[in-house]
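Numbering (the numbering used here), first residue to last: 5 to 549. Using N, Cα and C, we set each Cβ at its ideal position, and we do this for glycine too. Worksheet: the structure to be examined is printed underneath.
Quick look at the structure:
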């Protein structure tokens, strides 16, 4: 049981006194400090805390306590108070306002944190609350440590008007400045509406709690008034919606402890900042093929149309089979997440034959491209596992911008300077082959299994174009056209799509037994550990957003 914050409250409570201290003595001043601190840590009152707990929600301080290592939290600005006198606000000026900020450690590593306090003014953001968040963000940037924001807020404090809105703008600017410099994580533990949603949108990872979190720019009432649509809070902006449909969120937590635990685990894979080394954990790696490795030799079905679970391949390649998936519910046809190889963090991107045959679509491309860019920004090597039959066809994809939006993944891979290792397990067709970490886009080590098929298109599609006369003659002769088509498709695959043809041309660096994949990846990443690459000098590129 973590006890840092509660211990602090108890120590102050035990020593506090209701008697007015003598402010002309040292003892009196110490007593006054304890009184004020007691007010700061219990500002919301028991009734508000009970109401928060009744909703199944922790308080701001309890969340920090659960997130950080025990006893590591150092609070900042606990004595600040709002300066508003409009609408009777001067009658209630609690210490700390509506957010708790400070620093602490996760797994012994320093982080900065802020946690909005819904029990005080509904967690609304006013001038002082905004200043507290800005100050801790500035501190995180100056010291080069991750920043974690825990959001539970009714939005801008309407009593403070444009001042509150201005603080959102300053927070957004700092989110942007910190992007690619320090890891930024947002944990949504309640509502985040209007302008408040854009700060988490600018961070690297968004974690939401099922049935508790909501994010939307305009709420259900406004939508009904303007468009006539009748939609509920959960359907509009609930955690499941943003994890499965919009892709705003990266993890759907079952409850708040799950959300905080995911954040702690995520931090363990990340460096403190873009100039820091990746965390390295002790790991013993067997450099000989094991019996567990040999299970990969039977994972690819004989039929090219039969799916398999790419996550099984991932688990056989990484340390201890441990894989932290990111956005598992959104665009499941591509899998992204973090693992370790030889105790070092690796970002993994893999087509998933179990979902939509592993095709690339707009959502999959945007999901993967954002992940590639994050890994590249923080010098995390990327392992790409390829089994892609092509892009998902359809007017919906074309009309909603698959050309422009699909180009993001091309851009991300081509721009990346981190070590890039690619393994083709089965299909690698057409433009999708190029997109998925190909040698042409700058991948360093490209390997393939003997089951790989690398071609402009698959055998069945090629036969319909190349062997149309033969198929027509077979039909006229009363032959089994399906059998003829299968025979010709197999011949095309062997003669044109064989990985050995690509290896002959140097498009692949090797064709390996599936069982040897883990060892090959270990050796490839070892070889690339000292990689140095740079891009032409420029202010920034113009990625097709």
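{"Check": "Quick one, which of 452, 500, 525, 435 has its alpha-carbon nearest residue 467's?", "Outcome": "500"}
{"Check": "Just verifying my parser: in three-state terms, what is the DSSP assignment at residue 247?", "Outcome": "helix"}
{"Check": "Do residue 417 and residue 424 count as a contact pair if the criterion is CB distance below 9 Å?", "Outcome": "yes"}
{"Check": "Please state whether DSSP places residue 179 in a helix, a strand or coil.", "Outcome": "helix"}
{"Check": "Distance check for residue 303 and residue 234, CA to CA, integer angstroms please.", "Outcome": "47 Å"}
{"Check": "I need the straight-line Cα distance from residue 384 to residue 118, nearest angstrom please.", "Outcome": "26 Å"}
{"Check": "With DSSP run on the structure shown, which of helix, strand or coil describes residue 273?", "Outcome": "helix"}
{"Check": "On the three-state DSSP scale, how would you describe residue 468?", "Outcome": "helix"}
{"Check": "Within its chain, find whatever has a CB closer than 7 Å to the CB of residue 236; leave out the 5 residues flanking it on each side and keep chain order.", "Outcome": "224"}
{"Check": "When we look at the beta-carbon of residue 367 and count the other beta-carbons within 10 Å, is it buried (16 or more) or exposed?", "Outcome": "buried"}
{"Check": "Please name the residue in 388, 376, 294, 161 whose C-alpha comes closest to that of residue 354.", "Outcome": "388"}
{"Check": "Could you say which of 112, 85, 51 lies nearest to residue 269 if we only look at CA atoms?", "Outcome": "112"}
{"Check": "In three-state terms, what does DSSP make of residue 535?", "Outcome": "coil"}
{"Check": "Is the region 491-508 in contact with the region 310-327, if contact means three or more CB pairs nearer than 8 Å?", "Outcome": "no"}
{"Check": "What are the partner residues of residue 213, as DSSP defines its beta bridges?", "Outcome": "257"}
{"Check": "Is residue 96 helix, strand or coil when you go by DSSP?", "Outcome": "coil"}
{"Check": "By the three-class DSSP mapping on this structure, what secondary structure does residue 119 have?", "Outcome": "strand"}
{"Check": "Excluding the 5 residues flanking residue 412 on each side, which residues of the same chain have their C-beta closer than 7 Å to its C-beta?", "Outcome": "369, 370, 373, 547, 548"}
{"Check": "Go through its chain and collect everything with a Cβ distance to residue 217's Cβ below 6 Å, but skip five positions before and after it.", "Outcome": "192, 243"}
{"Check": "DSSP on residue 27, reduced to helix/strand/coil?", "Outcome": "coil"}
{"Check": "Assuming residue 390 and residue 427 make a contact with CB atoms under 8 Å, what is their CB distance in whole Å?", "Outcome": "7 Å"}
{"Check": "Quick check: what's the CA-CA separation for residue 129 versus residue 247?", "Outcome": "26 Å"}
{"Check": "Assuming residue 63 contacts residue 123 under a Cβ cut-off of 8 Å, what Cβ separation, rounded to an integer in Å, is found between them?", "Outcome": "6 Å"}
{"Check": "Rounded to whole angstroms, what is the Cα-Cα separation between residue 540 and residue 352?", "Outcome": "27 Å"}
{"Check": "Using the Cα positions of residue 359 and residue 524, report the straight-line distance between them to the nearest angstrom.", "Outcome": "27 Å"}
{"Check": "Whole alpha helix (DSSP H) runs in the region 281-352 with 4 or more residues, listed along the chain?", "Outcome": "295-298, 314-321"}
{"Check": "Can you give me the start and stop residues for the beta strand (DSSP E) that residue 444 sits inside?", "Outcome": "Segment: none, residue 444 is in no beta strand (DSSP E) and carries neither H nor E."}
{"Check": "Is the distance from the Cβ of residue 183 to the Cβ of residue 155 below 9 Å?", "Outcome": "no"}
{"Check": "Under 8 Å, with one C-beta from each stretch per pair, do the region 257-271 and the region 205-219 reach the 3-pair mark?", "Outcome": "yes"}
{"Check": "For the region 71-87 against the region 273-284, are there 3 or more C-beta pairs whose distance is under 8 Å?", "Outcome": "no"}
{"Check": "Around the C-beta of residue 453, are 16 or more other C-beta atoms found within 10 angstroms, so that it is buried, or is it exposed?", "Outcome": "buried"}
{"Check": "Output the distance between the C-alpha atoms of residue 171 and residue 32, rounded to the nearest integer angstrom.", "Outcome": "37 Å"}
{"Check": "Which whole-angstrom value describes the C-beta separation of residue 550 and residue 199, a residue pair presumed to lie in contact below a C-beta threshold of 8 Å?", "Outcome": "The shown model of the chain, from 5 to 549, leaves out residue 550, and the question about it has no answer."}
{"Check": "Could you give the distance in angstroms between the alpha-carbon of residue 329 and the alpha-carbon of residue 317?", "Outcome": "14 Å"}
{"Check": "Report the three-state DSSP secondary structure of residue 513 (helix, strand or coil).", "Outcome": "coil"}
{"Check": "Should residue 472 be labelled buried (16 or more other beta-carbon atoms within 10 Å of its own) or exposed?", "Outcome": "exposed"}
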